[in-house]
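Q: Have a look at this one before I ask anything.
Number of protein chains: 2
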Amino acid sequence: MTQMSRKQREIAERHRLFLRISRHMIEADGYANLSMDRIAEQAEYSKGTVYQHFGCKEEVLIQLCNNDAATLKGLIERAAGYDGPTRERVMAFFVAYDIWSQLNPVCQDLMRTLYSSSTLEKVSEDSRNGNQHLQMSIIDTVAQVVKEAADVGDITVSSGISPNEIVFGLWSLCFGGQQLLGTALPFSELGINDPDHALLRIVEATLDGLGWKPLSNDYDSEAIISSIRQSIFADEIGELANRQAVS
Amino acid sequence: MTQMSRKQREIAERHRLFLRISRHMIEADGYANLSMDRIAEQAEYSKGTVYQHFGCKEEVLIQLCNNDAATLKGLIERAAGYDGPTRERVMAFFVAYDIWSQLNPVCQDLMRTLYSSSTLEKVSEDSRNGNQHLQMSIIDTVAQVVKEAADVGDITVSSGISPNEIVFGLWSLCFGGQQLLGTALPFSELGINDPDHALLRIVEATLDGLGWKPLSNDYDSEAIISSIRQSIFADEIGELANRQAVS
DNA sequence: TCAATTTATGACAAGTTGTCAAAAAATGCC
DNA sequence: GGCATTTTTTGACAACTTGTCATAAATTGA
């Protein structure tokens, strides 16, 4: 029994090894140039063994995505716990997503692949459900704050848009902005020096437009964002600064 | 000379044939299942001939994308010509993008592939430049209206965000929303029956937040959107209705 | 008419994913 | 420990890619 469990632990460890190697390879050469053969070679196992862990190449992709999505979920939950009015917590979500995108630049890319063409169809049902579940969980966390805002009276929802629709809108903005950032748009040519910052300004405008109190005129959003970054994402900010310093 | 030009016309015609076939195949089986061999077979030419037109598979992809982007450019320009205040013209841009997305659902998918991993690297410089050029042209068209709004006083830009940053923000919202729509999010489960409509509401909120006059309380946005659809996109709306009726 | 040039072809090389019989290792029972 | 049974690992294979390129066919121009 302990022997059996050791074997299981071995298998689980190997699973992580395969994923770790895949991630490195994708970071180096992109998902398109990832090959199951090379994963096997690098890990010093045979291809058949790799296929015992991942039914197809796309399965590697989604499991990497799901790992990163779990990280995002964590960040979002920490943002939800930020001690402040609903509007500040919503801003914390955007900060969380922004930080996450910067910490996992490849994941933005992987998501494009995952959601394109017939990728999702090839993947195991478990992984697909896992992905959906993570998404829903994140949406729920955000939705709760929107609903609280409506309850508390920070926003008035009656204006023809439901809380979940607001979440969808906010997420579109967030997701779209980060995706465009990875699209090699010539930002400097457009005179946009700090796209992340521009995005946050637009978010503020959207919240203002929803009548989400306190309006941006009535509080110091730069200070709040700074405070969010320092107080709940200090580690991540440090990690990012570290990487910047190295490169 | 006329012989020569006939040959050239033949080649141009064949080019379109290859693209047409590719599009059909992608619509049927997705880009991942597209193969140069099958394009050749279907067109009754040899593979080598196909490769004379497209240096690689990705070249097919980007040329299809660029064709669709040119269509979008046309729609956006028509939207810019809408006879109304700046705010209504901006709404017309969103309506244009919305209609375009619905008319070319595959293109949303193709864009994900085009911008993922190392796809763009493989493509010819001409096509890449063409893509960039189309993007910039569209951005410019939108930016002009934003600048006009600033000039006319429909918005006050001083609030820490430049016209181009506003364009970036609006485009993030637009792009992100349409991308999320193609991501198989369980909208009905979330109680979102009409995501397109929800997106337009959020756009209104963002414009309100930017102080873009007339504010949504001061004009009948539903009526305006309806008018935009009827007056400048009547053909496209008709086409969409047609397709819906067929399926 | 026929040499020179352009264009079309499909066999190939080199790479992929995914399968599966057979070999190797682990397990459990005496 | 020894041995039959089950599980795990392996790499040769089949089937499919993309992309190349010598050769063949067609076109041109004189």
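Residue numbers (the numbering used here), protein chains in the order written: chain D, 398 to 644; chain Z, 398 to 644.
In this text, a Cβ means the ideal position worked out from N, Cα and C, and glycines have one as well.
1) Do you know how far the Cα of Y448 of chain Z is from the Cα of F490 of chain D?
2) Under DSSP, the alpha helix (DSSP H) around T580 of chain Z begins and ends at which residues?
3) On a CA-only basis, which of Z:Y428, Z:N501 and Z:L577 is nearest N464 of chain Z? Give me that one, please.
4) What does a CB cutoff of less than 6 Å around D506 of chain D pick up in its chain, not counting 5 residues either side in sequence?
5) How many angstroms separate the CA atom of L416 of chain Z from the CA atom of S513 of chain Z?
6) Counting only beta-carbon atoms, is W568 of chain D nearer than 8 Å to chain Z?
7) Taking 7 Å as the cut-off, does the CB of T553 of chain Z come closer than this to any heavy atom belonging to the ligand MN?
8) DSSP state of T553 of chain D, grouped into three classes?
9) Taking Cβ positions only, does S559 of chain Z come closer than 8 Å to chain D?
10) So I589 of chain Z is in the alpha helix (DSSP H); what residue range does that whole segment cover?
11) Return the CA-CA distance between S524 of chain D and T516 of chain D, expressed in angstroms with no decimal places.
12) Of the residues Z:R413, Z:S585, Z:E410 and Z:L458, which one's Cα is nearest the Cα of S432 of chain Z?
13) To the nearest angstrom, report how far apart G588 of chain D and Q541 of chain Z are at their CA atoms.
14) Which class does P482 of chain Z belong to by DSSP, given the choice of helix, strand or coil?
15) Indicate whether at least one CB of chain D lies closer than 8 Å to the CB of G592 of chain Z.
16) May I have a chain-ordered list of the alpha helix (DSSP H) segments no shorter than 4 residues that lie completely inside the stretch 491–579 of chain Z?
17) With a threshold of 8 Å, are at least 3 pairs of Cβ atoms found where one atom belongs to the stretch 594–604 of chain Z and the other to the stretch 590–610 of chain D?
18) Under 8 Å between beta-carbons, which chain Z residues line up against I599 of chain D? List them in chain order, please.
19) Around the Cβ of A595 of chain Z, are there at least 16 other Cβ atoms within 10 angstroms (buried) or fewer (exposed)?
20) Given a limit of 8 Å on CB to CB distance, which residues of the stretch 510–537 of chain Z reach chain D?
21) Quick one: Cα of I496 of chain D to Cα of D593 of chain D, how far?
22) Which residue spans inside the stretch 419–487 of chain Z form an unbroken alpha helix (DSSP H) run of at least 4?
23) Would you identify the three-state DSSP class for G608 of chain D, choosing helix, strand or coil?
24) Would you call P583 of chain Z buried or exposed, if buried means 16 or more other Cβ atoms sit within 10 Å of its Cβ?
25) Does any CB atom of chain Z fall closer than 8 Å to the CB of Y494 of chain D?
26) Given this structure, state the Cα-to-Cα distance separating A476 of chain D from A493 of chain D, to the nearest angstrom.
27) Enumerate in chain order the residues of its own chain whose CB-to-CB distance from H450 of chain Z is below 6 Å, with the five nearest sequence positions on each side excluded.
28) Give the secondary structure of A409 of chain D by DSSP, where H, G and I count as helix, E and B as strand, and everything else as coil.
29) Considering Cα atoms alone, identify which of D:A440, D:Y479, D:T446 and D:E424 is closest to L461 of chain D.
30) Less than 8 Å between CB atoms is the rule here; does T580 of chain D satisfy it with respect to chain Z?
31) Compare the C-beta of Y428 of chain D with all C-beta atoms of chain Z and state if any pair is closer than 8 Å.
32) Looking at the secondary structure, which residues open and close the alpha helix (DSSP H) in which D632 of chain D lies?
33) How should S559 of chain Z be labelled, buried or exposed, when 16 other C-beta atoms within 10 angstroms of its C-beta is the threshold for buried?
34) Return helix, strand or coil for F584 of chain D, following the three-state DSSP convention.
35) Below 6 Å CB to CB, which residues in the same chain sit around L578 of chain D once its five sequence neighbours on both sides are set aside?
36) Under 8 Å Cβ to Cβ from E518 of chain Z, same chain only, skipping five residues before and after it: list those, please.
A: Let me spell this out:
1) Reading the first sequence from its first residue, position 93 is the one you call residue 490 of chain D. Reading the second sequence from its first residue, position 51 is the one you call residue 448 of chain Z. If you take the alpha carbons of F490 of chain D and Y448 of chain Z, they lie about 47 Å apart.
2) Start at 1 with the first residue of the second sequence, and residue 580 of chain Z comes out as number 183. Run containing T580 of chain Z: none; DSSP gives neither H nor E here.
3) Taking the second sequence and counting its residues from 1, the one referred to as residue 464 of chain Z is at position 67. Nearest of Z:Y428, Z:N501 and Z:L577 to N464 of chain Z, Cα basis: Z:N501.
4) In the first sequence, counting from the first residue as 1, residue 506 of chain D sits at position 109. Excluding residues within five positions, none has a Cβ falling inside 6 Å.
5) Residue numbering aside, residue 416 of chain Z sits at position 19 when the second sequence is read from its first letter. Residue numbering aside, residue 513 of chain Z sits at position 116 when the second sequence is read from its first letter. Roughly 21 Å separates the two Cα atoms.
6) In the first sequence, the residue the question calls residue 568 of chain D occupies position 171. So yes, W568 of chain D belongs to the interface.
7) Of ligands this structure carries none, so the ligand MN is not represented either.
8) As a first step, residue 553 of chain D must be located in the first sequence, where it is residue number 156. Of the three classes helix, strand and coil, the one that applies to T553 of chain D here is coil, per DSSP.
9) Your numbering for residue 559 of chain Z matches position 162 in the second sequence. Answer yes: the Cβ-Cβ gap between S559 of chain Z and chain D drops below 8 Å somewhere.
10) Position 192 of the second sequence, counting from 1, holds the residue named residue 589 of chain Z. Premise fails: I589 of chain Z is in no alpha helix (DSSP H) and is neither H nor E.
11) Your numbering for residue 524 of chain D matches position 127 in the first sequence. Your numbering for residue 516 of chain D matches position 119 in the first sequence. If I take the Cα positions, the gap works out to 12 Å.
12) In the second sequence, the residue the question calls residue 432 of chain Z occupies position 35. For S432 of chain Z, the nearest C-alpha among the options comes from Z:L458.
13) Within the first sequence, residue 588 of chain D is the residue found at index 191, counting from 1. Within the second sequence, residue 541 of chain Z is the residue found at index 144, counting from 1. Cα to Cα, the separation comes out at about 14 Å.
14) Here residue 482 of chain Z refers to the residue found at position 85 when the second sequence is read from its first residue. Correct three-state label for P482 of chain Z: coil.
15) Working through the second sequence from its first residue, we reach residue 592 of chain Z at position 195. A small correction: the amino acid at residue 592 of chain Z is Pro; Gly does not occupy that position in the sequence shown. Yes, contact with chain D.
16) 502–511, 516–519, 522–549 and 560–578
17) yes
18) Translated into positions along the first sequence, residue 599 of chain D becomes position 202. Within chain Z, the residues near I599 of chain D are I558, E562, I563, F565, G566, L567, S569, L570 and T603.
19) Your numbering for residue 595 of chain Z matches position 198 in the second sequence. Buried, since its Cβ has 16 or more Cβ neighbours within 10 Å.
20) T510, Y512, S513, S514, S515, T516, L517, Q529, Q532, M533 and I536
21) For the purposes of this step, residue 496 of chain D is taken as the residue at position 99 of the first sequence. For the purposes of this step, residue 593 of chain D is taken as the residue at position 196 of the first sequence. Cα-Cα distance, rounded: 10 Å.
22) 433–440, 444–450 and 454–477
23) As a working mapping, residue 608 of chain D is identified with position 211 in the first sequence. Here G608 of chain D sits in coil by DSSP.
24) For the purposes of this step, residue 583 of chain Z is taken as the residue at position 186 of the second sequence. Its Cβ having fewer than 16 others within 10 Å, P583 of chain Z is exposed.
25) Taking the first residue of the first sequence as 1, we reach residue 494 of chain D at position 97. No, Y494 of chain D lies away from the interface with chain Z (no Cβ there is under 8 Å from its Cβ).
26) Here residue 476 of chain D refers to the residue found at position 79 when the first sequence is read from its first residue. Here residue 493 of chain D refers to the residue found at position 96 when the first sequence is read from its first residue. A476 of chain D and A493 of chain D: Cα-Cα distance of roughly 7 Å.
27) Numbered from 1 along the second sequence, position 53 holds the residue referred to as residue 450 of chain Z. If we look at H450 of chain Z and ignore the five residues flanking it on each side, its Cβ neighbours are H412 and F415.
28) Counted from its first residue, the first sequence places residue 409 of chain D at position 12. Looking at A409 of chain D - three-state DSSP - the assignment turns out to be helix.
29) Stepping through the first sequence from its first residue, residue 461 of chain D is reached at position 64. The shortest C-alpha separation from L461 of chain D is found at D:E424.
30) Within the first sequence, the letter at position 183 stands for residue 580 of chain D. Chain Z contact via Cβ: present.
31) In the first sequence, counting from the first residue as 1, residue 428 of chain D sits at position 31. By this cut-off, Y428 of chain D is an interface position.
32) Here the question's residue 632 of chain D lines up with position 235 in the first sequence. Residues A631 to V643.
33) In the second sequence, residue 559 of chain Z corresponds to position 162, counting from 1. When all chains shown are included, S559 of chain Z counts as buried.
34) Sequence index remark: in the first sequence, residue 584 of chain D carries index 187 (1-based). Coil at F584 of chain D, not helix or strand.
35) By 1-based counting over the first sequence, the position of residue 578 of chain D is 181. Closer than 6 Å at the Cβ level, and outside the excluded window around L578 of chain D, lie P592.
36) Indexing the second sequence from 1 puts residue 518 of chain Z at position 121. Answer for E518 of chain Z: no residue qualifies.
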